[in-house]
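Here my numbering is used: the first residue of the sequence shown is 7, the next is one more, and so on. We put the CB at the ideal spot given by N, CA and C, even for glycine.
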Amino acid sequence: MRGRGPAPAGTFWPCILCIGFVFCAGVPASGYVWWEGENPSSTDFPASTWIDPDGAAESNALSAGALLSASSLGTNDRVFTEYVVTLPQAAVYRLYTRKLWRFGPFRWRFDAQNWTRVGDRAQLMDWQDYKQPTILALNWVFCGTSSLSSGSHTLRVEVAAADHTNTETWLMQQAGFDAFVLTTNTFEPWGKLPPGQEFGFSEPGRWAFEARDDPYTTNALLDLSYLNEDEAGQSGFVTTHGDKFYLGDGREVRFWGVNLENPDSDMESLEAQARFLAKRGVNMVRYFESMQSDALDPASVSNVSDRLIEDAHRVVAAYKKHGIYTKICPWWVLEFMVRDHWGIAGYTNDYENPAAVPMFDEDLKAGYKSWVRELFTRTNPYTGVSLAQEPAVAIIQIQNEDGFFFWTFDPNQFPDAQRANIETMFGAFLTNKYGSITAATSYWGVLNDYLQTNWWATDNPAQERMALSSAWSMTAEATEGQDAEMRRMADQIQFLAELQRDYYAEMIDYLTNTLGCRSLTCAGNWWTADERVLQDVERHTYTVGDVIDDHNYIASVHVNSNGETIINGALNPGDHYRSATVLRTPRRLPAAYKQVAGMPSIMSESAWVNPNRFKTEAPLLVAAYSALQDIDGWMWHGDESIGYDLNPRKYPIAVPAVMGQFPGAALLYRRHDVAEAPVVVHDERTLTNMYRKEPALISEPATTDPLWVSPTNFDFDPQTGTGQVDTLAMLVGKVESGFSGNESLDFVSSNALALIDTTNGTVRSITGDLCLDWSNAICRINTERSQGLIGFLSVFADHDFDDVTIRSANEFGAILVCSLDHKPLRTSNKILVQAMTEAYPYLWTEADSVFTNEGVVYTGKQVVAEGEPPFNVVNIQATIALKGVTETSAVTVLDENGYARESRTGQVTGVGYEIQLPSNAVYTIVSRAPSAYDLWIERHFTDPLHDAEDRARAADPDGDGTVNALEFALDLDPRVGDGAVLSSLRVGADGSTVELPFTVTSNLPADFVVQGEFSTNLHIWSVVTNQAIVGTNGLAILSLEEYWRAFLRLKLNYPPDD
């Protein structure tokens, strides 16, 4: 609860045995049995196929250097394999297998039990590249459960297309099995290794990062799960007020999250992942799947995927248990193909993608409504309520990455019937606006003949049909200086904006008023073809929802050996790439976000896309600048493992350099360590000017390239209020748009602009907490509770902060020093030092390269070898000094899961307490014994993230007139009003004194001084000289001998807050 405000401050100012072909656990307590796929007791799989390993690298990817495989299987073929498995004890076992990607769906059973099918959509629990450059990867999948007695049992596995009629033929043509595991516990894959084993490989100058088999015991020294509620939504739905999120109990909340890439996982695996993420500070996941039917040939556009609804139910229920909210997005047009027999106007060819069309075609809108109706109204069997009534669902998004203002909008690519549809709608719009098509064209004026012929050839005023041109025509350059064309484009932009906004409003109304969904809503999350003139138009269409959303990635140039651009493909030997850091081009920082005034803003997808050596910069930069601008949620893309990934995926989140820094970054962000900045630029837009393509006062860049240089001339004139404000203002403070139409509300802080120094290459936050030096590629964080730096660490000998000095010989990395007890660093009793350099797979090899892409020559690297698990982190070479600390503190080095690994000592120097950081650990804890007051506070206030004000010594959270310091001294409960604190007066035993007994806490510190005072007139007070503490139970007596007619009071002298 919040206190009623502080009272005046205190007055003290100044395994495994081999038996034939069967591998079995020798110790029942191990809880698992492991055997190799290539060692069956019986099989008709071929003796060899092209899938078998070719060379040392492929053999090394397999658990024992070989696998059982079949290829060129026909639609009538069936192959089997059997294994005799000896079990140490009777139990319900969970079966897992490491198999060949999605190839070879199969069925299995033990003995004569019922068959269980494992389809091509079984969740891939991890990823190990196997044969390249094909998509033959090795992945663990969960197969199901079986109740088995102790002793021998026969597992039979069969692969046959006849068992999987909903699987595409090409996926049934080959199969491969590397290993199997039966376990009584949830299995967390670690590549080819059995449970309990680690790779242990590291190259010189690097160390192996391996975080597996976390027991999740209470002795972890680093565990942020306490920041989450015991159960997400326990106090009600997330709400908004102004531009912030609030939990059901009224507490403000920010969301640090990930996009789930493994929603097909079983419940136990999802819960294991939820535990893992909560421990690292995550409190939101994004469930993002297109909910249309995944049958091979759905009968209707309205058919929904029952499988995906079941996935959503599991996800919400599993994460809810760990205080993690879910954001649901049920639709992405890129994953949707129209079938020719559905009867959708114009779609006569099978498998056509209808980009933008679902926003105006009534049949496609009806299909969408049928999907979300089933998704949100079916009862979740795991919770007993529908997702519409589930408070753990924080936000529902209408669609992902589509809009009329992105490059994909091109009516020329629409089927003729759909083009006629939308262009007739445009004609009706013009008639409604101007009275007639003739009046509209008269207003526009004479149009350019070339454009009329090439852009607007389908104009047919007689049928009230007027052509729409592509997204490019709506960019600033397309019609610059052409008045008639500009006027026509203004009408096109207005029409499309209103059509898009109406679409979002219709779907939100359907969700909330028809289906009864109680979660917050958000519309879209997409870029535009020209952010300078279209971004605000796009964002304005989102304001019919509750939340503004965006996507922003950093993606360096990546080409294959033929020089072809790779956008979402795998990373293979022979590829070329160029790394780049946004610390050199800070305008491209994804957290540079132009928000909408009065609405919460989130980033639901972001990542530093592989390959890029500088992804270490991502977590802390995002955390710090999102906190500065009060961005209310950030979701990293995308997480598909229970724990860490073992290989460099395209979107690297569960890797040491990124997720390894989640604890410090999440704490800094969720705890508001970087102060929220005031608004430094407010850009108030009129719809008319937006439709006319008048440039915004300030805008975000529309590119994923970290080396992007803005084409905009930042020429803002503070005297006239005209021109373009530098995007760097978003790193100074909060930047927002408004849509009231009152342009007099425009505001640009001259103080903010003065903090952008393009001469010396620095930008400072208006709060003083952050400084980004792009000339040296360094960012400094200097707040009361978190201090550190990101970038080229060795560029300076020392990095000096208010309470810490950091010295590092590492070329690139990130080091953060932050308090874990939520006190200022200078007085904190538990400090986290988090350090990360660069991480690569073991034996990753690359060479210098010069390559060409789209006519541009780049200097970069060529991948020679992808390497193998585990990730190796470049040795950390750093020292920190805690300023002003003159006593020895305990130094504990933690393992990758946050448990104590070893103890160290530092040394007291002239600067403070100096600590040499371990070369092979991310986390180090520096701790000192807490004071009696600190222990008392921790006992009574259990939510340090939200009750900071209530913890102050001069605070009175229960409103009883007794401040915390005195409640502590008198051993009272600060959350419960105590009424009369002191007991009644009594006569002393000898009859000559008046006594006032009261209780004092037994461990009152020396600087908390309780004294009695008396007065005869309530004006002048004198100290009672005869007072004593009797015995050991804290009983104190004030004894007054001389003045029978006097007033007594207690006075506490106590030090101010640390």
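Item	Value
Continuous beta strand (DSSP E) stretch holding Lys105: start and end	Ala97 to Leu106
Where the beta strand (DSSP E) containing Val321 begins and where it ends	Segment Asp312 to Lys326 is the alpha helix (DSSP H) holding Val321; no beta strand (DSSP E) there.
Three-state secondary structure assigned by DSSP to Lys1057	strand
Environment of Leu751 [buried if 16+ CB atoms lie within 10 Å]	exposed
DSSP state of Asp808 mapped onto helix, strand, coil	coil
Collapsed DSSP secondary structure at Ala361 in the structure displayed	coil
Per-residue DSSP class, three states only, for Gly878	In the sequence under discussion, the amino acid at residue 878 is Asn, which differs from the Gly named in the question. In this structure, Asn878 counts as strand in the three-state DSSP scheme.
The region 671-685 contacting the region 251-265, beta-carbon criterion three pairs below 8 Å	yes
Three-pair Cβ contact test at 8 Å for the region 302-313 versus the region 324-339	no
9 Å Cβ cutoff met for Thr3 and Tyr99	Nothing about residue 3 can be read from this structure; the chain reaches only from 7 to 1064.
Ranges of the beta strand (DSSP E) found wholly within the region 852-876, counting only runs of at least 3	862-871
Cut-off 6 Å between Cβ atoms - residues of its own chain near Ala660, not counting five sequence neighbours on either side	Asp645, Ser647, Tyr650 and Asp651
Beta carbon of Tyr848 nearer than 9 Å to that of Ser65	no
Given Trp413 as reference, the closest of Phe282, Val680, Asp489 and Ala535 once Cα atoms are compared	Ala535
Identity of the residues DSSP links to His347 by a beta bridge	Its beta-bridge partners do not exist; DSSP assigns none.
His688 versus Gly727 - alpha carbon distance	12 Å
Residues that Asp409 bridges to, as DSSP identifies them	Sequence inspection shows Gly at residue 409; the Asp mentioned does not correspond to that position. DSSP, once it has assigned bridges, lists no residue as partnering Gly409.
Nearest-angstrom Cα separation, counted from Trp338 out to Thr915	59 Å
DSSP state of Ile402 mapped onto helix, strand, coil	strand
Pair within 9 Å by beta-carbon distance, Ser156 and Ala226	no
C-beta atoms of Leu693 and Ala503 nearer than 9 Å	yes
Same chain, Cβ closer than 8 Å to Ala452, neighbours up to 5 away in sequence not counted	Position check: residue 452 holds Val in this sequence, whereas Ala was assumed. Cβ within range, chain order: Ala490.
Buried or exposed (CB count within 10 angstroms, at least 16 for buried), Cys30	Residue placement at Cys30 cannot be trusted, given a pLDDT of 35 that sits under 50; what the coordinates show is reported in the next sentence. By the 10 Å Cβ count, Cys30 comes out buried.
Rounded distance between the beta-carbons of Asp132 and Asn120, thought under 8 Å	That belief does not hold up - the Cβ atoms of Asn120 and Asp132 are roughly 28 Å apart, past 8 Å.
Where the alpha helix (DSSP H) through Thr173 begins and ends	Careful: Thr173 lies outside any alpha helix (DSSP H) and carries neither H nor E.
Reduced DSSP category for Val588 - H, G, I as helix; E, B as strand; rest coil	coil
Given 8 Å, three or more beta-carbon pairs between the region 829-836 and the region 858-872	no
Which of helix, strand or coil DSSP assigns to Arg907	strand
Simplified DSSP assignment, three categories, for Ser479	helix
Tyr559 versus Trp532: straight-line alpha-carbon distance, rounded	12 Å
Run of the alpha helix (DSSP H) containing His546, from where it starts to where it stops	Glu537 to Tyr548
Distance between Ser825 and Thr968 (C-alpha atoms, nearest Å)	29 Å
Sequence-distant residues of the same chain with beta carbon closer than 7 Å to Gly9, five excluded per side	Interpretation of Gly9 is limited by its pLDDT of 35, a score under 50 that renders its predicted location unreliable; no figure is taken from the coordinates.
Alpha carbon of Asn653 to alpha carbon of Asp255, nearest angstrom	41 Å
Between the CA atoms of Leu1024 and Ala1052 - distance to the nearest angstrom	9 Å
Exposure of Met343, with buried meaning 16 or more beta-carbon neighbours within 10 Å	exposed
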